[in-house]
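Structure record follows, encoded as structure tokens.
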Amino acid sequence: MSSSEEPLATASVTADDGAGGEGRAEAGTEAGAGTGREAIVRAARRAFTLRPYAEVTMRGIAADAGVSPSLIVKRFGSKEALFNTVADFRSTADELFADELFAAAPAVLGRHLVLTMVGLRDRLRGDPLLRVVFSLGIEDERTLLRARFREQITDRLAARLTGPDAQLRAELIAGQLLGLGATLSLHRPDGAGSHATPERLADLYAPGLQRLIDGA
Numbered sequence: 165m166s167s168s169e170e171p172l173a174t175a176s177v178t179a180d181d182g183a184g185g186e187g188r189a190e191a192g193t194e195a196g197a198g199t200g201r202e203a204i205v206r207a208a209r210r211a212f213t214l215r216p217y218a219e220v221t222m223r224g225i226a227a228d229a230g231v232s233p234s235l236i237v238k239r240f241g242s243k244e245a246l247f248n249t250v251a252d253f254r255s256t257a258d259e260l261f262a263d264e265l266f267a268a269a270p271a272v273l274g275r276h277l278v279l280t281m282v283g284l285r286d287r288l289r290g291d292p293l294l295r296v297v298f299s300l301g302i303e304d305e306r307t308l309l310r311a312r313f314r315e316q317i318t319d320r321l322a323a324r325l326t327g328p329d330a331q332l333r334a335e336l337i338a339g340q341l342l343g344l345g346a347t348l349s350l351h352r353p354d355g356a357g358s359h360a361t362p363e364r365l366a367d368l369y370a371p372g373l374q375r376l377i378d379g380a
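Read the sequence shown against my numbering and you will find it ends at 380, with the numbers running on by one and no gaps.
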């Protein structure tokens, strides 16, 4: 894939890197820099999920993120480099989603998966996994997303499982997590309007996941 915005990819970066003070925040504090990067990654993730690669523009991502296009060029270099960054399944710009998702012992991993998924959905204002299903990109983009999903989610989980059929069980667990995300998106899109707490969701959903984790 190549960027359709060559002028932006080679644009010089001026001292005023951001819109609405974003560049000043970046220059002044590490927190400002982190916030700008996170905003760009969130906006890019939305853009590449909702539209084919060729239709996504750096200017559109910048407008959604509340920064200038030159800041994106400074941070990522080009649209292709930005796409490769957001093709990873990340909970932050610098942390893979799986780092949080699998940060529990196998004996309690099922409940941890549910609570982490719900928490990340609220924090990220969207499901961090469902874009592998609903991405509108061309075949090369969808293939890349699915390959990253297998590598970073399914294969990493399979490596933690013991007993027979570890890869198959990991695939079924990944499917269960996608199903949970789809259900919450349909019925609890903003996290409101339901009396079900994350703990109650875990009470109901985690036992099935745990059986697959245990291999029982």
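Backbone N, C-alpha and C fix where the C-beta goes; we use that ideal spot for every residue, glycine too.
Checklist entry - For I317 versus L373, is the C-beta spacing smaller than 7 angstroms? => result Contact check for I317 against L373 fails: the beta carbons are separated by 7 angstroms or more.
Checklist entry - With distances taken from CA atoms, which of R201, G224 and L344 is nearest F240? => result Closest option to F240, Cα to Cα, is R201.
Checklist entry - To the nearest angstrom, how far is it from the Cα of G283 to the Cα of P362? => result Across the structure, G283 and P362 are spaced so that their CA atoms are roughly 8 angstroms apart.
Next on the checklist: Quick check on the burial criterion: 16 or more other C-beta atoms within 10 angstroms. Buried or exposed for V231?
Outcome noted: Under this definition V231 is a buried residue.
Checklist entry - Closest Cβ-Cβ distance between E335 and chain C: below 7 angstroms? => result Among the chains of the structure shown, chain C does not appear; only one protein chain is present.
Next on the checklist: Is the beta carbon of I236 closer than 7 angstroms to that of M222?
Outcome noted: The criterion of a C-beta distance shorter than 7 angstroms is satisfied by M222 and I236.
Item to check | Contact set for L246: own chain, Cβ-Cβ below 6 angstroms, skip 5 residues either direction | outcome: If the five residues before and after L246 are omitted, its C-beta is found closer than 6 angstroms to the C-beta atoms of A208 and F240, all from its own chain and listed in chain order.
Item to check | Terminal residues of the alpha helix (DSSP H) in which L449 lies | outcome: Nothing about residue 449 can be reported from this structure: the residues present for the chain run from 165 to 380 only.
Next on the checklist: I need the straight-line Cα distance from T340 to Q331, nearest angstrom please.
Outcome noted: A quick correction: the sequence has Gln, not Thr, at residue 340. Distance between the alpha carbons of Q340 and Q331: 14 angstroms.
Checklist entry - How about A227 and R312: are their beta carbons less than 7 angstroms apart? => result No, the pair does not count as a contact, with Cβ atoms beyond the cut-off.
Checklist entry - Buried or exposed: A229, going by 16 or more other Cβ atoms within 10 Å of its Cβ? => result Label assigned to A229: buried.
Checklist entry - Under the three-state reduction of DSSP, which class applies to L321: helix, strand or coil? => result In this structure, L321 counts as helix in the three-state DSSP scheme.
Item to check | Boundaries of the alpha helix (DSSP H) in which P362 is found, first to last residue | outcome: Residue range P362 to D378 is occupied by the alpha helix (DSSP H) that includes P362.
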